[in-house]
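Asker:
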Amino acid sequence: MAIIITWVRAVGLFYGNVAPFMLGITALLLGFVLLPALYEGWADGLLPALLLIKLITSPVVWYLSEQMRPNQYWLYYNLGVSRRRLWVGVGVLDGLLFLGLTVGLQRLYS
Numbered sequence: 011m012a013i014i015i016t017w018v019r020a021v022g023l024f025y026g027n028v029a030p031f032m033l034g035i036t037a038l039l040l041g042f043v044l045l046p047a048l049y050e051g052w053a054d055g056l057l058p059a060l061l062l063i064k065l066i067t068s069p070v071v072w073y074l075s076e077q078m079r080p081n082q083y084w085l086y087y088n089l090g091v092s093r094r095r096l097w098v099g100v101g102v103l104d105g106l107l108f109l110g111l112t113v114g115l116q117r118l119y120s
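Taking the numbering used here, the leading residue of the sequence shown gets 11, the next gets one more, and so forth.
Dropping the structure here:
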């Protein structure tokens with residue numbers, strides 16, 4: 011149980027480091043793709059495409075994160091959390107946040 015709690019706390023801390031990039035991409039997708047589509051009425055079936063685009067941008071976030079803080083993984087390594095587990099946790103957390111915002115905007119405009 012302590013391992014799971016440590017992992018969740020580490021993912022939360024790590025997400026705080028990469029959140030500006032992730033949330034920036036989310037804001038761009040929602041503001042420049044979803045909102046005009048909702049306004050013009052052709053947003054039906056757009057959610058899978060938006061999720062795919064969000065998934066495709068993950069390597070860009072990883073690269074920018076590596077360039078900004080090249081030695082950022084030592085803390086997480088000492089906590090026993092690997093890079094893969096960090097990025098999986100961040101991907102799930104950001105994906106759920108993106109889905110929630112997308113569905114919320116669709117419900118607001120329907």
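Cβ coordinates follow ideal geometry from the N, Cα and C atoms, glycine included. Note that this is a predicted model, so its numbers are computed, not measured.
Taking the C-alpha atoms as reference points, what is the distance between residue 77 and residue 36?
Answerer: Each residue's Cα considered, the two are about 20 Å apart.
Asker: Among the candidates 24, 13 and 12, whose CA atom is the shortest distance from the CA of residue 84?
Answerer: Nearest option by C-alpha distance: 24.
Asker: Indicate whether the contact test is met: 3 or more Cβ pairs, each with one atom in the stretch 101-116 and one in the stretch 60-74, closer than 8 Å.
Answerer: yes
Asker: First and last residue of the alpha helix (DSSP H) that includes residue 104?
Answerer: Per DSSP, residue 104 is one residue of the alpha helix (DSSP H) stretching across 93-119.
Asker: Report yes if the C-beta distance between residue 31 and residue 96 is below 8 Å; otherwise report no.
Answerer: no
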